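See structure below.
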RNA sequence: GGCGCGUUAGUAUAUCGGUUAGUACUCAAGAUUUUCAUUCUUGCAGGAUGAGUUCGACUCUCAUACGCGCUACCA
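In our numbering, the protein residues as written are 24 to 534.
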């Protein structure tokens, strides 16, 4: 029996170790966030390592995408790819010598062995034996260094035959994982198979090998990763033991999975497609297929809102506080408060967070994000004017991307008028009234919202008109629909000339 | 099939054996806003099931059900 029930006293060092096989999944973002927060909370280091041991699944651009995503989100690394550090290299494909050495140690000590079985042979055995597993019960009937003579093994290797190195797992041993989140998990080594650790074909280790070796040499103190790794943790523990590193093995914390917003199963990129929502932080263009996957950033989500929403999926500060900055998260975060159950990715709640963050964000910062969009639509306008629009509109939108559609009337006159609004407010004597109002507006010198409002209200009163009728008819004429902020803020922004021009145009088009 | 993990309202969660089971989102109603949105108030709605331990269980134990993950020369 082995277990890892020891106190961790080393300095905190954690890592996020994605594979560059595509865009960074939102679940990966949460894992990165938790690692980052844990490091910040404990004054430790957060390391970004790239696990590119599977050469067949490498996708160009994926690594840069990961770096860009973390940067956009504000998750800063202390060490790793594109930053450097004392424990590099941080790309597994550049650490081959280290793995080779460790494989040799395992081989020499008899904790691992060489196997020549081809994929086809394994396939055949799987077909003939139900529940086939390459383990103690069948390894002696396979083509490996346990069943062949030394000379035969040497001959095969020298002749260039491809092989793999497998971990030799002793059956009948209880392995107890003391997981920070899940407590004690017991697995018997008899259910484990002799996992492949190294492939001669590409001179690369598999994930399990590289992962353990790197975590050791990078002095990782806590491995915080997704629940899908829980079943292979016993193997990892056995590896630490076989390499003589058991005493400094990191502590484990397995996070619950992120589930689909509806239905069953974990969140996949297909769900985003199906439900029309992004599952990736940034827009991603598949370099092979050419498909374009939407990103949260391009959809108008704020990184701080996304992070705030994400941190609460599987963790909570222990009270009712929901809105918190990344600094607050870092000071509040503990692995002990992480949940065990998978959490559904609920877009409605995310949208609410985004709305809250937009409301809180300073006008000029939103304006900086909005200004390029306005320019794209061919409108030339000063930054101060954009700030003014943002001030009036920001609490009325959930996304930055909604800003243009909901406030373009500030920049371009309405091309058409909303049917419903017309039906409700542009009826009876509306045209006649607005025509009179138009003359009155023309006589006004100041379009300051307070002054003009007062003047117009007095005008309405002396004429004995219904306030709503007049104000809303004017709104429809200026905006094109019965929506938008306070009317006199609009007339102030538009100014006398533009206001009159729009009123006249409405009069001519709607009479 | 085997092994493991999980299960509080529609969703995210609080509760470390004693509560009228709290909060937020969603939804509904009302108020405010002479538009729309915002905002405010109120409301709807929950411990998977069955045993056991206990004076007392959402909380501990076991079983069942359901869900999920892993079971590759992928991570």
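Idealized CB from N, CA, C, for every residue including glycine.
Quick caveat, the model's predicted, so the values are computed rather than measured.
Around the beta carbon of residue 246, 16 or more other beta carbons lie within 10 angstroms, which makes this residue buried. Rounded to the nearest whole angstrom, the CA to CA distance from residue 342 to residue 400 is 45 Å. Per DSSP, the beta bridge partners of residue 361 are 338.
Within the DSSP bridge table, the entry for residue 205 names no partner.
By the neighbour-count definition (other C-beta atoms within 10 Å, threshold 16), residue 154 is an exposed residue.
Residue pairing by DSSP places residue 136 opposite 189 in a beta bridge.
Listed in chain order, the alpha helix (DSSP H) elements of length 4 or more contained wholly in the segment 43-104 are 49-64, 85-96. Residue 46 is a Cβ neighbour of residue 316, given a cutoff of 9 Å. For residue 218, the number of other beta carbons within 10 angstroms of its own is at least 16, and it is reported as buried. For residue 491, the enclosing alpha helix (DSSP H) stretches over residues 490-502.
Pairwise C-beta distances place the segment 205-216 out of contact with the segment 75-87, as fewer than three of them are shorter than 8 Å. By the criterion of a C-beta distance shorter than 6 Å, residue 185 is surrounded in its chain by 223, 224, once the five residues flanking it on both sides are discounted.
When secondary structure is reduced to three states using DSSP, residue 221 falls in the strand class.
Burial check for residue 107: the Cβ neighbour count within 10 Å stays below 16, so the residue is exposed. For residue 35, there is no enclosing alpha helix (DSSP H), since its DSSP letter is neither H nor E.
Residue 228 sits close to residue 126, with the two beta carbons spaced by under 9 Å. In the DSSP secondary-structure assignment, residue 246 is bridged to 275. For residue 167, there is no enclosing alpha helix (DSSP H), as DSSP marks it with neither H nor E. Shown here, residue 227 sits in a strand according to DSSP, grouped into three states.
Around the CB of residue 160, fewer than 16 other CB atoms lie within 10 Å, so the residue is classed as exposed. Put simply, the backbone Cα of residue 488 is about 40 Å away from that of residue 394. Under the 10 Å beta carbon count, residue 311 is surrounded by fewer than 16 other beta carbons and is classified as exposed. DSSP, reduced to helix, strand and coil, places residue 435 outside both helices and strands of the structure shown, so it counts as coil.
Between the alpha carbons of residue 452 and residue 509 lies a gap of roughly 23 Å.
Between residue 475 and residue 511, the C-beta gap is smaller than 9 Å, which places the two residues in contact. With respect to the 9 Å criterion, residue 137 and residue 187 are classified as neighbours on the basis of their beta carbons.
Under the 8 Å Cβ criterion, the segment 108-124 does not count as touching the segment 346-361, having fewer than three qualifying pairs. The C-beta distance from residue 382 to residue 418 rounds to 5 Å, short enough to fall under 8 Å. Taking every protein chain shown into account, the CB of residue 385 has fewer than 16 other CB atoms within 10 angstroms, so this residue is exposed.
Pairwise C-beta distances place the segment 27-42 in contact with the segment 59-72, as three or more of them are shorter than 8 Å.
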